[in-house]
Amino acid sequence: MGGRHDVVCIEAKKLFDLCVQEHRVERSFRVEGISDGHDVEVDCHIDTHRISCREVSDRKCVDHHKHREQVCLAIEVPVSLRLVNRSTGKVLRRLHRKVLIPKKVVLTVPPGADVECEATGDCCCVFDHENHEIHCVFDLCITIKSKGTVEVLVPVLGDCRPRECHAVRDACRKADHW
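Spelled out as structure tokens, the structure:
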């Protein structure tokens, strides 16, 4: 190649900052129409693919030089609840609710960067016959990220050239060689 290297400009997503926090939330949901004679179990499911995250106020500068901003978020966690008769297995009621979690964090957020949230978790719920309420505890792991598109100069030493694939006999039976 004679010592000459090309340079290309690539547009890519950059993760500027992220933080992770465990968060426990307790919520109650009113339910009508369940008779007192039923032994009720509550199945709870968090739809982690539909969690939404939005900024609810202007960012407040914490450190101008490092682009550190205080961000106030509303995180909505969709929850599906099923009330099931324990003795028969019959579904008595299905409910879909959103658990709203306010969250304040400090992140590096340069101009043009977006703030995104992800969450995983589980829940435990009980039905209170006396008050006709479902009481739930949600244990969540919330990840908040600041991301943005950047342009990166990359030295090019050559093209990516594919190599020929070779079959290996009995590779599937000898998985321990990997």
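So in the numbering used here, spot 130 of the sequence shown is number 141, and the numbers just go up one at a time.
For each residue, glycine too, the CB sits at the ideal point set by N, CA and C.
Would you please state the rounded distance, in angstroms, between the beta carbons of residue i and residue j? I believe it to be under 8 Å.
i	j	result
residue 27	residue 121	6 Å
residue 49	residue 96	5 Å
residue 94	residue 148	17 Å between Cβ atoms; not a contact.
residue 89	residue 61	5 Å
residue 116	residue 67	Contact flag wrong, Cβ pair sits at about 13 Å.
residue 59	residue 154	Actually they are not in contact, since the Cβ atoms of residue 59 and residue 154 sit about 11 Å apart, beyond 8 Å.
Given this structure, state the Cα-to-Cα distance separating residue i from residue j, to the nearest angstrom.
i	j	result
residue 137	residue 84	29 Å
residue 186	residue 171	With a pLDDT of 49 at residue 186, under the threshold of 50, the modelled position of that residue is not reliable, and the figure given next carries that caveat. Going by the C-alpha atoms only, they are around 28 Å apart.
residue 87	residue 163	34 Å
residue 135	residue 32	19 Å
residue 119	residue 109	29 Å
residue 2	residue 29	Coverage of the chain is limited to positions 12 through 189, which leaves residue 2 absent and any answer about it impossible.
residue 140	residue 40	12 Å
residue 19	residue 53	56 Å
residue 22	residue 78	21 Å
residue 57	residue 25	29 Å
residue 114	residue 37	15 Å
residue 8	residue 152	Residue 8 is absent from the structure shown; the chain starts at 12 and stops at 189.
residue 51	residue 177	59 Å
residue 12	residue 175	Only weak support is given to the placement of residue 12: the predicted model assigns it a pLDDT of 42, under 50, and the value that follows is read from those uncertain coordinates. For residue 12 and residue 175, the distance between alpha carbons rounds to 23 Å.
Among the options, which one has its Cα closest to the Cα of residue i?
i	options	result
residue 142	80, 176, 46	46
residue 201	151, 134, 144, 125	Because the chain in this structure spans residues 12 to 189, residue 201 falls outside the shown range and cannot be described.
residue 55	153, 145, 92	92
residue 80	169, 35, 156	156
residue 70	174, 154, 123, 61	123
residue 150	22, 34, 20, 21	34
residue 17	168, 175, 173, 174	168
residue 158	19, 98, 128, 175	128
residue 111	98, 78, 63, 152	63
residue 144	113, 175, 114, 106	106
Evaluate contact between the segment 73 to 83 and the segment 99 to 106, counting only Cβ atoms and requiring at least three cross-stretch pairs below 8 Å. With the cut-off at 8 Å, the segment 73 to 83 and the segment 99 to 106 do not touch.
Which ranges would you report for the beta strand (DSSP E) in the segment 72 to 101 if only whole runs of at least 3 residues count? Within the segment 72 to 101, the complete beta strand (DSSP E) runs of at least 3 residues fall at 79 to 96.
Which parts of the segment 107 to 174 are runs of the beta strand (DSSP E), unbroken and 3 residues or longer, counting only runs that do not cross its ends? Fully contained in the segment 107 to 174 are the following beta strand (DSSP E) runs of length 3 or more, in chain order: 125 to 139, 144 to 167.
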